[in-house]
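Protein chains in written order, with this note's numbering: chain A, 4 to 373; chain B, -14 to 170.
We put the beta carbon where it would ideally sit given N, CA and C, even for glycine.
Because the structure is a prediction, the values reported are computed rather than measured.
Down below is the structure, laid out as structure tokens.
Written out as structure tokens, the structure reads:
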């Protein structure tokens, strides 16, 4: 008995303003591309079922393009005779019941069990899938977990979409995002496998429970993590290394340059370019962290040069953390430091600047003498 | 152990737990009473400050500090903000500073003060790495972790809650003790 477990596909996700030659948002296309990769690989693997642990769509009212991508995958799985169970996650659950649920449409498609209203157990041959859709109340969610009972003689899979206390909380600030406790997860100890969704990094959290993670990188928190889906062979023991296998997708690269200390001497643009040397940034989404940088110096940064230098990236952004605003020139002991910073920006020599400043101050003194 | 060889930090932590157990008695279930060990067994004060750089003797040129051990005053200082945000982090920093006191200061008031930045609490090399291994051994004793992990199928969130440590610290400990199935590593 083998299942494919994926989650957090976020079809319809859009980010940045870059578009392809057809005018489509590049990041949205990235999400469809890795989804397509995963479905293709799953069809090759021919598992007994596909379990999607929530957030199929990025929104409860998906665009026609996102819906098209989902329906296309459903059609391919149906043709390959691989059933799909998908639960609603916090992203795909409307806040108000009267809005209706896109899963109602999916449910009519055939070959797919889209669970969104309340927990359901779906029997697929020798497999029982206990599907608990997202609920914004963690207590009700925990009650549902405790109420779920494995069925005798079948391989039992519990699927839910929630964070886990103590683990990195991706999306903790999102509307309706919930976490369950380790104790609640323990209530699912009797299941052969617990397919989890919501956290975007793949992570085994119990010998029978795992987050599949997202298929694409959706934030810089994901930049180092592998992306893909899980193939779980429920006939193998929990300790068997072959029980859970991870299949990679090819997400868009993300990279962080720095942090670069902006308070140190040297041309800042040059230092950013140097720091990026040797990092594979082709087509990547790149951020450059600057710390302790002077606001004037930042404003004077040679942006056209940086734009040219990082043109091969999909996106390049500077994230400055500014140093405390320097005091005004009223404090004589700071005059030298103040002028050094200004002079660097304008390409002037410090000594020349100091001399001019002192001459001006002397003129002011003379003019204001009684 | 050869004369002069550095003792394994986790083994020293185990000895310290045994010492505490013989003096005060140690519960057979987690969490380990790290603050009690510091106060009652080692007679260390635990203090907090908003910014440890303001504590006399603390370095001011090393950025923000997470913990500070001042042996001459038998005091462990903690960053108040960090300690409040994460009780697990607070316990780990106390255990880490106890590690410096036992391993590197020889429990002597004559030893020099030592300080730790946030990044030091994640290092595996040098004296900071030793203090981290000591802290892991003190807060998550091998036999106790083995027993609890076997009972709950290596439920990382539950174990972290029971031992009052962070989930990443617990996962690292399970990895170190080779208790996780290969696919969870």
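- DSSP, read as helix, strand or coil, puts residue 319 of chain A in strand.
- Nothing from the region 264 to 284 of chain A brings a Cβ to less than 9 Å from some Cβ of chain B.
- The beta carbon of residue 179 of chain A sits closer than 8 Å to those of 93, 96, 98, 137 and 139, all from its chain and outside the five residues before and after it, given in chain order.
- Residue 138 of chain B reaches chain A at 189, 192, 209, 210, 211, 212 and 241, counting residues in chain order whose Cβ is nearer than 9 Å.
- For residue 205 of chain A and residue 214 of chain A, the gap between their C-alpha atoms comes out near 5 Å.
- Proximity of chain B to residue 170 of chain A at the Cβ level (cut-off 7 Å) is accounted for by 142 and 152, in chain order.
- For the C-beta of residue 184 of chain A, the chain B residues within less than 8 Å are, from N- to C-terminus, 142, 143 and 146.
- According to the DSSP secondary-structure assignment, residue 100 of chain B is paired through a beta bridge with B:53.
- Interface annotation, residue 248 of chain A: in contact with chain B, CB-CB separation under 9 Å.
- The bridge partners DSSP lists for residue 251 of chain A are A:231.
- In the structure shown, residue 186 of chain A adopts helical secondary structure according to DSSP, grouped into three states.
- DSSP links residue 126 of chain A through a beta bridge to A:131.
- In the DSSP assignment, residue 148 of chain A falls within the alpha helix (DSSP H) that extends over 141 to 150.
- One alpha carbon belongs to residue 2 of chain B, the other to residue 126 of chain B, and they sit about 9 Å apart.
- Chain-order list of chain A residues neighbouring residue 168 of chain B: 207, 244, 246 and 247, by C-beta distance under 7 Å.
- The alpha-carbon of residue 184 of chain A is positioned some 28 Å away from that of residue 104 of chain B.
- Contacts with chain B at 9 Å (Cβ-Cβ) do not include residue 293 of chain A.
- The criterion of a C-beta distance shorter than 9 Å is not satisfied by residue 15 of chain B and residue 131 of chain B.
- In the DSSP assignment, residue 196 of chain A falls within the beta strand (DSSP E) that extends over 196 to 200.
- Among the residues of chain B, those whose CB is under 9 Å from the CB of residue 167 of chain A are 141, 142 and 152, following chain order.
- Listed in chain order, the non-local C-beta contacts of residue 129 of chain A below 7 Å within the same chain comprise 4, 157 and 158, local neighbours out to five positions each way being set aside.
- Residue 89 of chain A is positioned such that its CB atom lies closer than 9 Å to that of residue 116 of chain A.
- Nearest in C-alpha terms to residue 48 of chain A, of all of A:16, A:35 and A:84, is A:84.
- Contact between residue 91 of chain B and residue 115 of chain B fails: their C-beta atoms lie close to 13 Å from each other, not under 8 Å.
- The three-state reading of DSSP puts residue 64 of chain B in strand, counting E and B together.
- Ranking A:256, A:283, A:284 and A:291 by CA distance to the CA of residue 273 of chain A puts A:291 first.
- Look at residue 166 of chain A here: in three-state DSSP terms it is strand.
- Counting of Cβ neighbours within 10 angstroms places residue 64 of chain B among the buried residues, the total reaching 16 or more.
- In the DSSP assignment, residue 116 of chain A is bridged to A:88.
- For residue 123 of chain B, the nearest beta carbon of chain A is not closer than 9 Å to its own beta carbon.
- Around the beta-carbon of residue 67 of chain B, 16 or more other beta-carbon atoms lie within 10 Å, marking it buried.
- Judged by DSSP in its simplified three-state form, residue 207 of chain A adopts strand.
- In this structure, A:254 is the residue among A:254, A:81, A:78 and A:326 with its C-alpha nearest to the C-alpha of residue 12 of chain A.
- Of the candidates A:50, A:38, A:321 and A:112, A:38 places its Cα closest to the Cα of residue 58 of chain A.
- Relative to the Cα of residue 210 of chain A, the nearest Cα in the group A:241, A:297 and A:112 belongs to A:241.
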